[in-house]
Amino acid sequence: GAGVSQSPSNKVTEKGKDVELRCDPISGHTALYWYRQSLGQGLEFLIYFQGNSAPDKSGLPSDRFSAERTGGSVSTLTIQRTQQEDSAVYLCASSSLTSGGPTDTQYFGPGTRLTVL
Amino acid sequence: DAKTTQPNSMESNEEEPVHLPCNHSTISGTDYIHWYRQLPSQGPEYVIHGLTSNVNNRMASLAIAEDRKSSTLILHRATLRDAAVYYCILRDVLRGDDKIIFGKGTRLHILP
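From first to last, the protein sequence lines stand for chains A and B. Here the working numbering is used: the first residue of the first sequence is 1068, the next is one more, and so on. Here the working numbering is used: the first residue of the second sequence is -2, the next is one more, and so on.
Quick look at the structure:
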């Protein structure tokens, strides 16, 4: 079946502009996550949505970052007034949480490479 | 969160077994041991997970020490496609959320 998809695959923007990154999770998956990976760095958790619960925003680096998930499916990560340090690959993942918590597999999308000039 | 320690990089010859070590000396009784890998220019993908007993699947085997303070991911016959960064991760069943805390991982190089 279809995996997690993300768009665009690449985004180049100028410093100070706003960007929106989209994630389409696997159909039926109730949990959705955003991570980012800066050049040569490990993956950093940003935000987590689970069903109708309030999202876990503990990983968002600043108030310029926000995310929403409409209808329990598609999610959009918005970065306002982008800075050069926001340049990274932004990865989305989803899981079904059928067996509960730490035994559930997260399925990752291919990522969006964001470059802020 | 309990922390894991992995070598920064390893090399192996193609078609030979690879043993990727992970130390997690502060592991708690409710921590599951997971392995993910990230192929070049791709998102991470799940490899295997376990709690106490050794586990096998089509991709790899996971050997867990009796005291659970270390584990080893075993690729039985490495191919060039197995060149990736391998992440050893602990996930606590009691934490109540599902986010993954990734470390630096081990970059595995496969020599033809």
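A virtual CB, placed ideally from N, CA and C, is assigned to each residue, including glycine.
State buried or exposed for Pro1092/A, treating a residue as buried only when at least 16 other CB atoms are found within 10 Å of its CB. Walking along the first sequence from the start, residue 1092/A turns up at place 25. So Pro1092/A ends up on the buried side.
Do the CB positions of Gln1046/A and Ser1154/A come within less than 9 Å of each other? Within the shown structure, residues of chain A are numbered from 1068 to 1184, placing residue 1046/A beyond reach of any answer.
Using 9 Å as the threshold, is the C-beta distance between Ser6/B and Ser67/B below it? Taking the second sequence and counting its residues from 1, the one referred to as residue 6/B is at position 9. Taking the second sequence and counting its residues from 1, the one referred to as residue 67/B is at position 70. Taking the C-beta atoms as reference points, Ser67/B is found no nearer than 9 Å to Ser6/B.
When the Cα atoms are used, what is the spatial distance from Asn20/B to Glu1081/A? The residue labelled residue 20/B in the question sits at position 23 within the second sequence. The residue labelled residue 1081/A in the question sits at position 14 within the first sequence. Rounded to the nearest angstrom, the two C-alpha atoms are 43 Å apart.
For a contact meaning CB atoms closer than 8 Å, what does Glu13/B contact in chain A? Here residue 13/B refers to the residue found at position 16 of the second sequence. For Glu13/B, no chain A residue has a C-beta closer than 8 Å to its own C-beta; the minimum C-beta separation is roughly 27 Å.
In angstroms, rounded to a whole number, what distance separates the CA positions of Thr69/B and Phe1112/A? Walking along the second sequence from the start, residue 69/B turns up at place 72. Walking along the first sequence from the start, residue 1112/A turns up at place 45. Rounded to whole angstroms, the gap between the alpha carbons of Thr69/B and Phe1112/A is 25 Å.
So who's on the other strand from Ala1160/A, going by DSSP bridges? By one-based count along the first sequence, residue 1160/A stands at place 93. Answer is Tyr1100/A, Phe1175/A, bridged to Ala1160/A.
Return the residue from the list Leu1099/A, Gln1104/A, Ser1072/A, Lys1084/A that minimises the CA-CA distance to Ile1114/A. Here residue 1114/A refers to the residue found at position 47 of the first sequence. Nearest of Leu1099/A, Gln1104/A, Ser1072/A, Lys1084/A to Ile1114/A, Cα basis: Leu1099/A.
Using a Cβ-Cβ distance cut-off of 9 Å, determine whether Pro1075/A contacts chain B. Position 8 of the first sequence, counted from the start, is the residue given in the question as residue 1075/A. No - not a single Cβ of chain B is within 9 Å of the one on Pro1075/A.
Residues of the segment 74 to 95 of chain B in Cβ contact with chain A at a cutoff of 7 Å, in chain order, please. For the segment 74 to 95 of chain B, the set of residues with a beta-carbon nearer than 7 Å to any beta-carbon of chain A comprises Arg88, Asp89, Val90, Asp94, Asp95, in chain order.
So the beta strand (DSSP E) Asn10/B belongs to, where does it begin and stop? Taking the second sequence and counting its residues from 1, one reaches residue 10/B at position 13. 6 to 10 is the extent of the beta strand (DSSP E) around Asn10/B.
I'd like the span of the beta strand (DSSP E) that includes Gly188/B, first residue to last. Outside the displayed range of chain B (-2 to 109) lies residue 188/B, so it cannot be described from this structure.
Is the number of C-beta pairs between the segment 1115 to 1123 of chain A and the segment 92 to 109 of chain B that are closer than 8 Å three or more? The segment 1115 to 1123 of chain A makes contact with the segment 92 to 109 of chain B, as at least three CB pairs between them are under 8 Å.
Residues sharing a beta bridge with Leu90/B, DSSP: Numbered from its first residue, the second sequence carries residue 90/B at position 93. Reading off the sequence, residue 90/B comes out as Val, not Leu. None, per the DSSP bridge assignment.
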